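Engineer: For reference, each letter of the sequence shown is one residue, going -14 to 266 in my numbering. C-beta atoms are modelled at their ideal positions from N, C-alpha and C, and glycine is treated no differently. These figures come from a predicted structure and were not determined experimentally. Pasting a structure below so you can have a look.
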Amino acid sequence: MSEIIRTEDLEYAYRGEDGAPVQALGGVNLTIGRGEFVAVLGHNGSGKSTLAGHFNAIRLPTGGKVYVDLMDTADPEKTYEVRKTCAMVFQNPDNQLVATVVEEDVAFALENLGVPPDEIRRRVDDALRAVGMYEFRRHAPHMLSGGQKQRIAIAGVIAMMPRCVVLDEPTAMLDPQGRREVMQVVRELNARFGITVILITHHMDEAVQASRVVVMHAGKVLMDGAPREIFTQVDALHGARLTVPQTVEVLSGLNRETGADLPIGALTVDECADVLEKYLA
Ligand SMILES: Nc1ncnc2c1ncn2[C@@H]1O[C@H](COP(=O)(O)OP(=O)(O)OP(=O)(O)O)[C@@H](O)[C@H]1O
Ligand SMILES: [Mg+2]
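Here's what the structure looks like:
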C-alpha cells in the first residue's frame, strides 16, 4: 500500500505562557497508507489535535519531518498542495459554515479557487448527495440540526476532492442521531470513495469502525494495530486512561469476576451476544 502520510521522529513544542516550550509531541513515527481508515484515540492532552494539525500544514514540526503524499509539509511551496491533499473537519460545525444557503456554503472554497461554474455545480451536487443533504441544498444552515450541519461541513471538504480527510472529534457536539449520521458519512467517504480517513475520537464505538486504531499517550504513539488487537489489551488501555468498548468491558469483567475464559474480542453487540449465549448454554 502506498503511503499518504508519514511522520519521522515528529516533535512539536508549543510556547507556554512563560515562554518556556511545552512539548506536545515527543517523537512520533507513523505511516498511513492510501485508503486506510484510522481512528486516533488518546486521553485529553495526549497530542491528537497537535498531530492532526501537522497533516494539513496548520502546524509545522519543531523537530523531525512530516510528508503528505511525499511532500515535505515544511516546504512553503507545497503548503497549498498539502492542504488540498489532506483536508480537516473540526468539532464545531457552526465555526465551519460561512454562507446563508447550504449549497453556497459547499461552493464557497471552490469559488475562491476559481473553479468554473459548471464544475462547481456538479461538484457541489455530488458532495451534497454523498452526505445525504441534497434535498436541503437551498436551506439555511443555521436552521439545521448539528448532525446535518456537520454533514454540510463534510460536503464542503469533499467538494475539494481531497485524497485524505482528517476529522478532529467531528461528533463531539452532536446528539446520538447526529453522531450516527456523521459516522455513516465518514464510513462511506472511505468505503465508497476511497478517501483516506483519519478520525480522532473519544468514542470507542466509533473507533471500532476503523480498520486501524492508533493510541496516543503523552505525545507518543502507545499502540497501533487492528481494532480487535488494540481493544483486547484492556489493562494497557486503562493505563492510558482510556475506556474499552462496552462489549469488551462486559466480557473481560465476566472473566475477572467468575474466572471464566471467554474470548473478549467482541466489538459488536451481536458478537458479544453470541459469546454470552454460548457461555450461558
Ligand atoms: N495553544 C497551545 N499552547 C500551549 N500548549 C498547548 C496548546 N495547545 C495544546 N497544548 C498542549 O499540548 C498538549 C497536546 O494537546 P492537544 O490539543 O494536541 O491534545 P489532544 O489529544 O487533542 O487533547 P483533547 O482530547 O483535549 O482534544 C497538551 O499538553 C496541551 O496542553
Ligand atoms: Mg484535541
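Suppose the cutoff is 8 Å on Cβ atoms and the five residues either side in sequence are ignored; what does the same chain contact list for Glu96 look like?
Structural biologist: Translated into the one-based positions of the sequence shown, residue 96 becomes position 111. Excluding positions up to five away in sequence, the list reads Ile105.
Engineer: Tell me whether Val167 is buried or exposed, calling it buried when 16 or more other Cβ atoms sit within 10 Å of its Cβ.
Structural biologist: Residue 167 sits at position 182 when you count from the first residue of the sequence shown. Buried, by the Cβ-count rule.
Engineer: Which two residues bound the contiguous beta strand (DSSP E) that contains Asp259?
Structural biologist: Taking the sequence shown and counting its residues from 1, the one referred to as residue 259 is at position 274. Where Asp259 is concerned, there is no enclosing beta strand (DSSP E), although the alpha helix (DSSP H) it sits in stretches over Val254 to Leu265.
Engineer: With distances taken Cα to Cα, identify the nearest neighbour of Leu184 among Ala195, Ala176 and Thr70.
Structural biologist: Position 199 of the sequence shown, counted from the first residue, corresponds to residue 184. Checking every option, the nearest Cα to that of Leu184 belongs to Ala195.
Engineer: Give a yes or no on contact between the segment 78 to 94 and the segment 122 to 134, applying the rule of three or more CB pairs nearer than 8 Å.
Structural biologist: Taking 8 Å as the limit for Cβ pairs, the verdict is that the segment 122 to 134 does touch the segment 78 to 94.
Engineer: Please classify Asn97: does DSSP put it in a helix, a strand, or coil?
Structural biologist: Position 112 of the sequence shown, counted from the start, is the residue given in the question as residue 97. Reduced to three states, the DSSP call for Asn97 is helix.
Engineer: Residues around ligand 2, please: the condition is that the C-beta lies closer than 7 Å to some non-hydrogen atom of it.
Structural biologist: Selection output, chain order preserved: Lys33, Ser34, Asp153, Glu154 and Ile185.
Engineer: Do you know how far the Cα of Lys50 is from the Cα of Val151?
Structural biologist: Stepping through the sequence shown from its first residue, residue 151 is reached at position 166. Stepping through the sequence shown from its first residue, residue 50 is reached at position 65. So the alpha carbons of these two residues sit roughly 18 Å apart.
Engineer: To the nearest angstrom, report how far apart Thr58 and Leu236 are at their CA atoms.
Structural biologist: Numbered from 1 along the sequence shown, position 73 holds the residue referred to as residue 58. Numbered from 1 along the sequence shown, position 251 holds the residue referred to as residue 236. Thr58 and Leu236: Cα-Cα distance of roughly 44 Å.
Engineer: Between Ile249, Arg148, Tyr52 and Met189, which lies nearest to Val25 when the distance is taken from Cα to Cα?
Structural biologist: Here residue 25 is taken as the residue at index 40 of the sequence shown, counted from 1. Answer by Cα proximity: Met189.
Engineer: In three-state terms, what does DSSP make of Glu21?
Structural biologist: Position 36 of the sequence shown, counted from the first residue, corresponds to residue 21. Residue state, collapsed to three classes: coil.
Engineer: Can Leu222 be considered in contact with ligand 1, in the sense that its beta carbon sits closer than 8 Å to one or more heavy atoms?
Structural biologist: Locating residue 222 in the sequence shown gives position 237, counting from the first residue. No, Cβ of Leu222 sits at least 8 Å from all heavy atoms of ligand 1.
Engineer: Leaving aside the five residues before and after Arg44 along the sequence, list all residues of the same chain whose C-beta is less than 7 Å from its C-beta, in chain order.
Structural biologist: For the purposes of this step, residue 44 is taken as residue 59 along the sequence shown, with counting starting at 1. For Arg44, where only same-chain residues beyond five positions count, the Cβ hits under 7 Å are Tyr(-3), Thr35 and Gly38.
Engineer: From what residue to what residue does the alpha helix (DSSP H) around Thr269 run?
Structural biologist: Residue 269 lies beyond the range of the chain shown here (-14 to 266); nothing can be said about it.
Engineer: Have a look at His202 and Pro102 and give me their C-alpha separation to the nearest angstrom.
Structural biologist: By one-based count along the sequence shown, residue 202 stands at place 217. By one-based count along the sequence shown, residue 102 stands at place 117. Rounded to the nearest angstrom, the two C-alpha atoms are 46 Å apart.
Engineer: Measuring alpha carbon to alpha carbon, tell me which residue in Glu2, Arg19, Thr(-8) and Gly20 is nearest Val13.
Structural biologist: Stepping through the sequence shown from its first residue, residue 13 is reached at position 28. Comparing Cα-Cα distances from Val13 to each of Glu2, Arg19, Thr(-8) and Gly20, the minimum goes to Thr(-8).
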